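Numbering (my numbering), first residue to last: 2 to 75.
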């Protein structure tokens with residue numbers, strides 16, 4: 002799952018779902034009841050891989066952001 006606190010409050014956090022097409026299709030209505038969008042990203046385990054990649058990309062932005070703030074760039 003991905004999203005800020007504002008996204009969560011608005012009900013629009015992103016869910017990365019992995020699994021067989023039929024299985025994800027079967028549980029999709031339950032998932033969509035609490036989050037939007039639901040992204041089917043591949044076979045079982047793919048949701049975790051995509052979330053780890055999302056976390057890594059977010060972490061990679063922290064260093065340059067901190068330097069920008071330190072330099073006083075708006």
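Cβ atoms here follow ideal geometry from the backbone N, Cα and C, with glycine treated the same way. Bear in mind that the values here come from a model prediction, so they are computed numbers and not experimental data.
Looking at C-alpha atoms only, which residue of the options is the closest neighbour of residue i?
{"i": "residue 21", "options": "73, 43, 64 and 59", "result": "43"}
Determine the DSSP secondary structure at residue i, reduced to helix, strand or coil.
{"i": "residue 18", "result": "strand"}
{"i": "residue 43", "result": "strand"}
{"i": "residue 5", "result": "coil"}
{"i": "residue 73", "result": "coil"}
{"i": "residue 24", "result": "helix"}
Buried or exposed for residue i, please, with buried defined as at least 16 other CB atoms from any protein chain shown within 10 angstroms of its CB.
{"i": "residue 25", "result": "buried"}
{"i": "residue 5", "result": "exposed"}
{"i": "residue 16", "result": "buried"}
{"i": "residue 28", "result": "exposed"}
Between residue i and residue j, how many whole angstroms is the CB-CB distance? I'm expecting something under 8 Å.
{"i": "residue 48", "j": "residue 18", "result": "5 Å"}
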